[in-house]
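Trainee: Chains as they are written, first to last, in this note's numbering: chain A, 1466 to 1750; chain B, 26 to 320.
Sharing a structure with you now.
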Amino acid sequence: MAALIEARDLTKKYGAHVALDRANLNIEAGRIVGLIGPNGAGKTSALRAILGLTNYEGHLTVLGREPFRDRTELMNECCFIADVAVLPSWLRVDQAIDFVAGVHPRFRRDRAVAFLAKTQVTGKRRMRELSKGMKTQVHLALTMAIDAKLLVLDEPTLGLDILARRAFYDALVNDYMDETRTILITTHQVEEVENLLTDIIFIDKGRIVMDTSLEDVATRFAAVAVTADRLDAARAEKPFYERHILGKVVLYFENADLGKLGSLGEIHTPSVSDLFVAKLSGAAA
Amino acid sequence: MNKGMNNSTWLIRREFWENRAIWMIPAAFGGLLLLAALFTQVSIPRLTSQQSEQAAPAFLVVVGAMFYLVMALYSAWYLLDCLHTDRKDRSILFWKSLPVSDANSVLCKLLVGMIIVPLVYFAAADATALIAAFILSIRARASIGSSLWNGNVWWQIQVLWMYVIVTTAVWYLPVAGWLMLLSAWAKRAVILWAILPPLLLNIFERLFFGTHMVSQIIGRRLTALPSVSFNGLGANYRWTQEGGVVDNAGSSAPSVWHLINPSGFFSSAETWIGAAVGIALIVLAIQLRMRRSEI
């Protein structure tokens, strides 16, 4: 299937600072992709470029379009939530629905109204009167009522409490996601999204460090906890990262011989957050 | 209806939702004038019908001019603010998630600031003048109220307003463009950014060249509209003591057509050079709007 987002040598500079350094991306339809990286890694710059909010160097197509040049057309098929707090304080809920219904050809008003009917939010309320959780619900209602092929979320749950965060992701997976859609999401909170992702992309210092599907993680990566006496034997297998916990050492391997590792200690598949730490610390070492 | 038109009507509606001051300020200002008409001491001398025919247009013009001044201040503030607030509160990220082009958004804000706001003030001025004239003519037993309906004074004032709105929009386009450019560009202190560069440029010019080009150009742009868009009263007409306009023979000026100078205004190179500068600044503002998002 043709790639939904394709980037080659995508570069974004702010003066002397290089936010994106020849990044390559290939995201296919029907996936839930997590773009994960530390602060200042270039996550937001990548999303800005993909959404046509900024110009860039290199090749980039999203849904077959050049985002910066064709942002208006792109937004017919793509929607994004960049942090939920961005609905303006003066806007009333019914005005928000009217406006989006007025300008967006793929907006289904009945869906937005049905979604909001399940919440405490009423039409005449202004955004400034709503709690952050309620604003999230309004924004979600607006976004999920759009028949979009691509949904981009940039730190969508920043500043939300744990109940609102959970509700956000539940609604996303249960009410929105289906095989025709693609979701690209950035977050700090890897633990929170790792169960819903199908693909992960690690980004650091403007470069893509890793790009893999979660199915591949199990075959590609292994973590082995070894005791001190077997450490040298394990190190011979070229781990890319070591972590010392409670007298044991956990070593992380990529494309290693699992049979050999099995003889050294207990093998498990690293979680996304462990892998993230391992990959980024390993790269820095 | 095509998509651009459809989006524009929604964008304009949006401006009214966000900036309720667009109608609240002229409504409040009109209300104040009416209160003044109701409760202040007035001593309008008993006028002959000819005198009141002369006073009526002057009355309408004065009310209109007061609204025009408030409108000019509000419009300038609106244009300076309109591309800045949604960057400040980050709601630009919401607006940009919708299929509306940046050019469309910027041009609608320009249209609101330069045409729609003046139209709202014009309607408010009309309503206020009518009610005030009615109140005053009852209180003073003068016939200003009724003389507003005499002849075609009323229609002449409407024509005058439309003419003033159009010429103001064209003449002040470079000012509007400058304000919008800064609104799209500045991270904070938009007012300072709007005022400081021309001021510094002016001081710099005085210090190093001893000339006053910058202040002359800016000063003329800000103040010369009346002299470009209106005929001088000079040779053929003069103001009367009551504020009316009469010709040299002493009979009242037959119409507003003697006052306005559209052919002069629209054939002046100054008008179109200014408009070209304004368009260039607005194109720049659109380009900035495409590249800059939240602050």
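Every residue gets a Cβ at the ideal spot worked out from N, C-alpha and C, and that includes glycine.
Considering only C-alpha positions, which residue in the set Ala152(B), Ile285(B), Ile140(B) is nearest to Ala52(B)?
Mentor: If you number the second sequence from 1, residue 52(B) lands on position 27. Out of Ala152(B), Ile285(B), Ile140(B), Ala152(B) has the C-alpha closest to the C-alpha of Ala52(B).
Trainee: How close, in whole Å, do the beta carbons of Ala1506(A) and Leu1475(A) come, if the pair is a contact with beta carbons under 8 Å?
Mentor: As a position in the first sequence, residue 1506(A) is number 41, starting the count at 1. As a position in the first sequence, residue 1475(A) is number 10, starting the count at 1. The beta-carbon distance between Ala1506(A) and Leu1475(A), rounded to whole angstroms, is 14 Å. This is too long to meet the 8 Å contact definition.
Trainee: Using 8 Å for Cβ pairs, my map puts Val215(B) next to Leu135(B). What's the rounded Cβ distance?
Mentor: By 1-based counting over the second sequence, the position of residue 215(B) is 190. By 1-based counting over the second sequence, the position of residue 135(B) is 110. 16 Å between Cβ atoms; not a contact.
Trainee: How many angstroms separate the CA atom of Ala209(B) from the CA atom of Leu108(B)?
Mentor: Counting from one through the second sequence, the residue named residue 209(B) turns up at place 184. Counting from one through the second sequence, the residue named residue 108(B) turns up at place 83. Using only the alpha carbons, I get a separation of about 5 Å.
Trainee: Quick one, are the C-beta atoms of Gly1499(A) and Val1658(A) less than 7 Å apart?
Mentor: As a working mapping, residue 1499(A) is identified with position 34 in the first sequence. As a working mapping, residue 1658(A) is identified with position 193 in the first sequence. Yes, they are a contact pair.
Trainee: If contact means a Cβ-Cβ distance below 7 Å, which residues of the region 1563-1595 of chain A contact chain B?
Mentor: So the close ones are Phe1564, Val1565, Gly1567, Val1568, His1569.
Trainee: CA-CA distance, Leu60(B) and Ile160(B)?
Mentor: Start at 1 with the first residue of the second sequence, and residue 60(B) comes out as number 35. Start at 1 with the first residue of the second sequence, and residue 160(B) comes out as number 135. Their Cα atoms are separated by approximately 10 Å.
Trainee: Rounded to whole angstroms, what's the CA-CA distance from Ala81(B) to Thr65(B)? Just pull it up for me.
Mentor: The count along the second sequence starts at 1 and reaches residue 81(B) at position 56. The count along the second sequence starts at 1 and reaches residue 65(B) at position 40. Approximately 19 Å, taken between the alpha carbons.
Trainee: Quick one: what's got a C-beta closer than 6 Å to Gly1588(A)'s C-beta in the same chain, skipping five residues either side?
Mentor: Here residue 1588(A) is taken as the residue at index 123 of the first sequence, counted from 1. The residues are Val1558, Asp1559.
Trainee: Taking only beta-carbon atoms, is Arg213(B) less than 7 Å away from chain A?
Mentor: The residue you call residue 213(B) lines up with position 188 of the second sequence. The Cβ of Arg213(B) sits no closer than 7 Å to any Cβ of chain A.
Trainee: Can you give me the Cβ contacts of Thr1509(A) inside the same chain, cut-off strictly under 6 Å, excluding the 5 residues immediately before and after it?
Mentor: By 1-based counting over the first sequence, the position of residue 1509(A) is 44. Excluding sequence neighbours, Thr1509(A) sits near nothing in its chain.
Trainee: Give me, in chain order, the residues of the same chain whose beta-carbon lies closer than 7 Å to that of Asn286(B); leave out the 5 immediate sequence neighbours on both sides.
Mentor: Position 261 of the second sequence holds residue 286(B). Ser254, Phe255, Asn256, listed in sequence order.
Trainee: At 4 residues or longer, and completely inside the region 66-135 of chain B: list those alpha helix (DSSP H) runs for me, N to C.
Mentor: 74-106, 110-113, 117-120
Trainee: So with Cβ pairs under 7 Å, would you call Arg115(B) a contact of chain A?
Mentor: The residue labelled residue 115(B) in the question sits at position 90 within the second sequence. For Arg115(B), the answer is yes, since a Cβ of chain A falls inside 7 Å of its Cβ.
Trainee: Check the Cβ of Phe119(B) against every Cβ in chain A and list those closer than 9 Å, keeping chain order.
Mentor: Position 94 of the second sequence, counting from 1, holds the residue named residue 119(B). Those within 9 Å of Phe119(B) in chain A are Ile1546, Ala1547, Val1551, Leu1552, Pro1553, Leu1556, Ala1561, His1604, Leu1607.
Trainee: Ordered along the chain, which non-local residues of its own chain (more than five positions away) have a Cβ less than 8 Å from that of Ala305(B)?
Mentor: Here residue 305(B) corresponds to residue number 280 of the second sequence, with the count starting at 1. Within the same chain, Ala305(B) has close Cβ partners Gly202.
Trainee: Let me confirm a value: Arg1681(A) is counted as buried when at least 16 other C-beta atoms fall within 10 Å, else exposed. Which label applies?
Mentor: In the first sequence, residue 1681(A) corresponds to position 216, counting from 1. The sequence shown places Asp at residue 1681(A), not Arg. Burial check for Asp1681(A): the Cβ neighbour count within 10 Å stays below 16, so the residue is exposed.
Trainee: In chain A, which residues lie less than 8 Å from Leu155(B) when you measure between Cβ atoms?
Mentor: As a position in the second sequence, residue 155(B) is number 130, starting the count at 1. The contacting residues do not exist; Leu155(B) stays about 32 Å from chain A at best.
Trainee: Contact criterion: CB-CB distance below 7 Å. Does Met1599(A) meet it with respect to chain B?
Mentor: Along the first sequence, one-based indexing puts residue 1599(A) at 134. No - not a single Cβ of chain B is within 7 Å of the one on Met1599(A).
Trainee: Considering Cα atoms alone, identify which of Leu1607(A), Asp1612(A), Asp1669(A) is closest to Thr1647(A).
Mentor: Numbered from its first residue, the first sequence carries residue 1647(A) at position 182. Comparing Cα positions, the closest option is Asp1612(A).
Trainee: Is the CB-CB distance between Ser132(B) and Gly303(B) below 7 Å?
Mentor: In the second sequence, residue 132(B) corresponds to position 107, counting from 1. In the second sequence, residue 303(B) corresponds to position 278, counting from 1. Correcting the residue identity first, residue 132(B) is Leu in this sequence and not Ser. The answer is no: Cβ separation not under 7 Å.
Trainee: In the DSSP output, what is Arg8(B) paired with across the bridge?
Mentor: Residue numbering for chain B in the displayed model covers 26 to 320; residue 8(B) lies beyond these limits and cannot be assessed.
Trainee: Can you list the residues of chain A that Asn31(B) reaches, using a CB-CB cut of under 8 Å?
Mentor: Residue mapping note: residue 31(B) aligns to position 6 of the second sequence, counting from 1. The answer, in chain order, is Gly1567, Val1568.
Trainee: Taking C-beta to C-beta, are Ala1690(A) and Lys1713(A) nearer than 7 Å?
Mentor: Position 225 of the first sequence holds residue 1690(A). Position 248 of the first sequence holds residue 1713(A). Yes, they are a contact pair.
Trainee: Hey, out of Trp1555(A), Phe1545(A), Thr1526(A), whose CA is closest to Tyr41(B)'s CA?
Mentor: Counting from 1 along the second sequence, the entry for residue 41(B) is found at position 16. The identity of residue 41(B) in the sequence shown is Phe, whereas the question assumes Tyr. Selected option, being the one with the closest Cα: Trp1555(A).
Trainee: What does Thr1519(A) reach in chain B if we use C-beta pairs closer than 8 Å?
Mentor: Here residue 1519(A) refers to the residue found at position 54 of the first sequence. In chain order: Arg316, Ser318.
Trainee: So, does the CB of Asn1541(A) fall closer than 7 Å to a CB anywhere in chain B?
Mentor: On the first sequence, residue 1541(A) is found 76 positions in, with the first residue counted as 1. So yes, Asn1541(A) belongs to the interface.
Trainee: From the DSSP secondary-structure annotation, give me the bridge partner or partners of Ser1678(A).
Mentor: Locating residue 1678(A) in the first sequence gives position 213, where the first residue counts as 1. DSSP lists Asp1664(A) as partners of Ser1678(A).
Trainee: My understanding is that Val1551(A) touches Arg115(B), with C-beta atoms under 8 Å, so please give their C-beta distance in whole angstroms.
Mentor: Position 86 of the first sequence, counted from the start, is the residue given in the question as residue 1551(A). Position 90 of the second sequence, counted from the start, is the residue given in the question as residue 115(B). Indeed they touch by this definition, with Cβ atoms about 5 Å apart.
Trainee: Hey, Met1540(A) and Pro124(B): beta-carbon distance below 7 Å or not?
Mentor: Here the question's residue 1540(A) lines up with position 75 in the first sequence. Here the question's residue 124(B) lines up with position 99 in the second sequence. Met1540(A) places its beta carbon less than 7 Å from that of Pro124(B).
Trainee: In the region 1559-1647 of chain A, which residue ranges form an unbroken beta strand (DSSP E) of at least 3 residues, counting only runs that do not cross its ends?
Mentor: 1615-1619
Trainee: Below 9 Å on C-beta distance, what does Leu313(B) contact in chain A?
Mentor: In the second sequence, residue 313(B) corresponds to position 288, counting from 1. Going along chain A, no residue has its Cβ under 9 Å from Leu313(B), so there is no contact; the nearest lies around 12 Å.
Trainee: Note the first and the last residue of the continuous alpha helix (DSSP H) segment covering Gly1730(A).
Mentor: Translated into the one-based positions of the first sequence, residue 1730(A) becomes position 265. Segment: none, Gly1730(A) is in no alpha helix (DSSP H) and carries neither H nor E.
Trainee: Label Gly330(B) either buried or exposed according to how many other C-beta atoms from any shown protein chain fall within 10 Å of its C-beta, with 16 as the threshold for buried.
Mentor: This structure cannot speak to residue 330(B), because chain B is shown only from 26 to 320.
Trainee: Check whether the Cβ atoms of Ile1501(A) and Val1655(A) lie closer than 7 Å to each other.
Mentor: In the first sequence, counting from the first residue as 1, residue 1501(A) sits at position 36. In the first sequence, counting from the first residue as 1, residue 1655(A) sits at position 190. Yes.
Trainee: Whole angstroms is fine: what's the gap from Ser1728(A)'s alpha carbon to Ala1698(A)'s?
Mentor: In the first sequence, residue 1728(A) corresponds to position 263, counting from 1. In the first sequence, residue 1698(A) corresponds to position 233, counting from 1. If I take the Cα positions, the gap works out to 10 Å.
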